[in-house]
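Numbering (our numbering), first residue to last: 143 to 508.
Even for Gly, the Cβ is constructed at its ideal location relative to N, Cα and C.
In this text the structure is predicted, and so the values were computed from the model without any measurement.
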């Protein structure tokens, strides 16, 4: 930390407000820390470059300043490829705005809704699904703007599960988080609350005692954390996750499959095994959503299936997440698996195991 912030104290570095205030947001700031390549420099100043740049000092300290191919660097520092649009790319590929019956609400599945509490993130992933939201000038939402969404949930008794997302809800002040959780918990038909966040990864300093004291009052509360690569599994992140787990919050991970970043079996295995050691259960691998300029991030579906096949049977079942595509047009999450079922023969099901060997299971009982 002292390399780029001489004279900084440990108290300042571990303060999440300081981290956000000193986040890198411009090319000029970035060049102080990173030796930018031509591909990285060329993107800045282009009119079509709309997704904000923001990287916390903590996360920036994990990035290799000399290697443009470093995984974390590719995930957060913009490149000229973002200006290349491909067939099928859409600003709102999941059709969330079409499935929004009230402000800040996405209601796609029968018994659960997505509550978009803020458009602000402490760090912006370059492949962000919600570019259409976070790229707006005024992306903060706030308590008054939440009321129509809260009323919608109150009026729809079929909703038993709310996922608070954004942006990143853990970037909000403690009092706003408490207000939202308390309002939701007062809704009698609401059973569980989930929070989707990358804060424990890019801003682990945010997991404070006061935040933990708030969160543990509103169980059952679950948290889905966006992890990308094993390089993110630092001592600071381990401490943040363990504190959340000790507060009684079940933790799951969500990982977007990204070309040249985490699209290798060994990379994913190292990530998921490391997450289990931090008491985080790997939950989803997402196929990268087709947002504009994401072609350089997207792999083929066969690559995702290859990774699942390389994990299944080769590591703990708890370390094998579901591989899903969030269907463009609002079709929801569709799980994908390698073809292990090989058909029937004389009353037996033919099943292929992780080694490629075929076994017979009696499947003829009437």
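Under the three-state reduction of DSSP, residue 348 is assigned to helix.
By the CB criterion at 8 Å, residue 262 and residue 339 fall outside the cutoff. In this structure, DSSP gives residue 494 an extended state, which the three-state scheme calls strand. Within the model, the alpha-carbon separation for residue 294 versus residue 308 is close to 18 Å. For residue 465 and residue 444, the gap between their C-alpha atoms comes out near 11 Å. A distance below 6 Å between beta-carbons, with the five flanking residues on each side excluded, links residue 506 to the following residues of its chain, in chain order: 489.
By the beta-carbon neighbour count (other beta carbons within 10 angstroms, threshold 16), residue 200 is buried. Excluding the 5 residues flanking it on each side, residue 462 has same chain C-beta neighbours closer than 6 Å at 453, 454, in chain order. Apart from sequence neighbours up to five positions away, the residues of its chain that approach residue 474 with a beta-carbon distance below 8 Å are 250, 251, 468, ordered along the chain. A distance of 8 Å or more separates the beta carbons of residue 429 and residue 157. Sixteen is the threshold: since fewer than 16 other Cβ atoms of the shown chains lie within 10 Å of the Cβ of residue 317, the residue is exposed. Here the alpha carbon of residue 395 sits roughly 19 Å from the alpha carbon of residue 439. Around the C-beta of residue 253, fewer than 16 other C-beta atoms lie within 10 Å, and the residue is accordingly described as exposed. Residue 487 is bridged by DSSP to 490. Sorting 337, 150, 179, 240 by C-alpha distance to the C-alpha of residue 472 places 240 at the top. A Cβ-Cβ contact shorter than 8 Å links residue 220 with residue 185. Annotation: the continuous beta strand (DSSP E) that includes residue 368 extends over 363-368.
Sequence-distant Cβ neighbours of residue 179 in its own chain, meaning closer than 6 Å and more than five residues away, are 210. Our two residues, residue 286 and residue 193, have alpha carbons roughly 26 Å apart in a direct line.
C-alpha of residue 480 to C-alpha of residue 151: approximately 51 Å in a straight line. Here residue 413 really is in contact with residue 404; their C-beta atoms are around 7 Å apart, less than 8 Å. The C-beta distance from residue 235 to residue 431 rounds to 5 Å, short enough to fall under 8 Å. Pairing residue 206 with residue 196 gives a Cβ-Cβ distance that is not under 8 Å. Between residue 269 and residue 400 a beta carbon distance of about 7 Å is seen, short of the 8 Å cut, so the two are scored as contacting.
For residue 444, the uninterrupted alpha helix (DSSP H) run begins and ends at 443-453, by DSSP.
When C-alpha distances from residue 217 are compared across 202, 328, 487, 484, the shortest belongs to 202.
Inter-residue distance for residue 276 and residue 500 is about 49 Å (C-alpha atoms, whole angstroms). Listed in chain order, the alpha helix (DSSP H) runs fully inside the stretch 232-304 are 273-276, 285-297, counting runs of at least 4 residues. Runs of the alpha helix (DSSP H) lying entirely within the stretch 367-428, each at least 4 residues long, are 377-388, 407-419 in chain order. DSSP links residue 464 through a beta bridge to 426. With a beta-carbon spacing of about 6 Å, residue 425 and residue 366 fall inside the 8 Å limit used to define contacts.
Contact between residue 356 and residue 336 does not hold, since the beta-carbon distance rounds to 16 Å and is not under 8 Å. Apart from sequence neighbours up to five positions away, the residues of its chain that approach residue 477 with a beta-carbon distance below 8 Å are 464, 465, 466, ordered along the chain. Short of 8 Å from the beta carbon of residue 245, and not among the five residues preceding or following it, lie these beta carbons of its own chain, in chain order: 287, 290, 291. Assignment of beta-bridge partners to residue 469 by DSSP yields 474. Proximity to residue 231 across 486, 503, 498, 470 peaks at 470, based on C-alpha coordinates.
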